[in-house]
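Protein chains in written order, with this note's numbering: chain A, 5 to 115; chain B, 331 to 441.
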Amino acid sequence: DTAVSQTPKYLVTQMGNDKSIKCEQNLGHDTMYWYKQDSKKFLKIMFSYNNKELIINETVPNRFSPKSPDKAHLNLHINSLELGDSAVYFCASSSTEETQYFGPGTRLLVL
Amino acid sequence: GQSLEQPSEVTAVEGAIVQINCTYQTSGFYGLSWYQQHDGGAPTFLSYNALDGLEETGRFSSFLSRSDSYGYLLLQELQMKDSASYFCAVRDEFKTTALIFGKGTTLSVSS
Numbered sequence: 005d006t007a008v009s010q011t012p013k014y015l016v017t018q019m020g021n022d023k024s025i026k027c028e029q030n031l032g033h034d035t036m037y038w039y040k041q042d043s044k045k046f047l048k049i050m051f052s053y054n055n056k057e058l059i060i061n062e063t064v065p066n067r068f069s070p071k072s073p074d075k076a077h078l079n080l081h082i083n084s085l086e087l088g089d090s091a092v093y094f095c096a097s098s099s100t101e102e103t104q105y106f107g108p109g110t111r112l113l114v115l
Numbered sequence: 331g332q333s334l335e336q337p338s339e340v341t342a343v344e345g346a347i348v349q350i351n352c353t354y355q356t357s358g359f360y361g362l363s364w365y366q367q368h369d370g371g372a373p374t375f376l377s378y379n380a381l382d383g384l385e386e387t388g389r390f391s392s393f394l395s396r397s398d399s400y401g402y403l404l405l406q407e408l409q410m411k412d413s414a415s416y417f418c419a420v421r422d423e424f425k426t427t428a429l430i431f432g433k434g435t436t437l438s439v440s441s
């Protein structure tokens, strides 16, 4: 009965590879998000997705692309991975913007 | 632009009371949220203040002063399990559906 789930939990890959992270929520929320948390624990919004409207943080490289097959899923695809992409990626969902429910995170390490 | 300032670290002993302050700068303010994150875990929602005053939830309370652009999280009867990072957050003034987080305050509780 996990509210927001992500797979995989850990991802170790080589520079230049393409990878995807999957996210699913069973809370019935309309809005989903991807956040990136760096090594200094700074949490930064990457994308928000609401009823097929995608809002992109302009600082996110276009190598990152979210894909939502339905309201309960928001996957993150990353092309041509770089060393600086190493971070923890959190998926979240909300019914109100103030109360967001986070997934367990995906720890990405690019070698 | 938007910014949130909070102390980077706070230390306290079990049973004590600790206050984590947050000052914010944003043109479109809806309210101030607080999230807790244990090491290796996901951020979890603690509280939200839209109006001035104190909101109490068990051992945790949160305060907001809109005129001072200031809020705080008050943790009472500290327990070892309260050792975590605490983030204040406001809604993104442009996109509104995402949260902008402060850099977090690491609370260390010792016995």
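Virtual Cβ for every residue (Gly too), placed ideally from N, Cα, C. Predicted model only: the values in this text are computed from it and were never measured.
* Asked: Leaving out five residues before and five after T17 of chain A in sequence, what residues of the same chain have Cβ atoms less than 8 Å from its Cβ?
  -> Around T17 of chain A: K23, L85, L112, L113, V114, L115.
* Sorted by chain position, which residues of the same chain lie with C-beta nearer than 7 Å to D412 of chain B's C-beta, five sequence neighbours on each side aside? -> Within the same chain, and ignoring the five residues on either side of D412 of chain B in sequence, the residues whose Cβ sits closer than 7 Å to its Cβ are L405, L437, V439.
* To do: Thinking F431 of chain B and A414 of chain B are a contact (beta carbons under 8 Å), I'd like their distance in whole angstroms, please.
  => 14 Å between Cβ atoms; not a contact.
* Name, please, each residue of chain B whose Cβ falls closer than 9 Å to the Cβ of N54 of chain A. => T427
* Do you know whose CA, among A:N30, A:P12, A:Y37, lies nearest A428 of chain B's CA? -> A:Y37
* Taking all protein chains shown into account, do 16 or more other C-beta atoms lie within 10 angstroms of the C-beta of H368 of chain B, making it buried, or fewer, making it exposed? -> exposed
* Asked: By a C-beta neighbour count over all protein chains shown, 10 Å radius and 16 as the cutoff for buried, is M410 of chain B buried or exposed?
  -> exposed
* Asked: Shorter than 7 Å from the beta carbon of P12 of chain A to some beta carbon of chain B?
  -> no
* Asked: Would the stretch 346-361 of chain B and the stretch 34-54 of chain A be scored as touching if the rule is three or more Cβ pairs under 8 Å?
  -> Cβ pair count under 8 Å is below three, so no.
* To do: Could you confirm whether any beta carbon from chain A is found closer than 7 Å to the beta carbon of A372 of chain B?
  => yes
* Under 9 Å (Cβ pairs) to chain B, residues found in the stretch 97-109 of chain A -> S98, T100, E101, E102, T103, Q104, Y105, F106, G107, P108, G109
* Kindly list, in the order they appear in chain A, the residues whose Cβ is closer than 8 Å to that of S392 of chain B. => None at all; the shortest Cβ gap to chain A is about 12 Å.
* Distance between T110 of chain A and Y93 of chain A (C-alpha atoms, nearest Å) -> 5 Å
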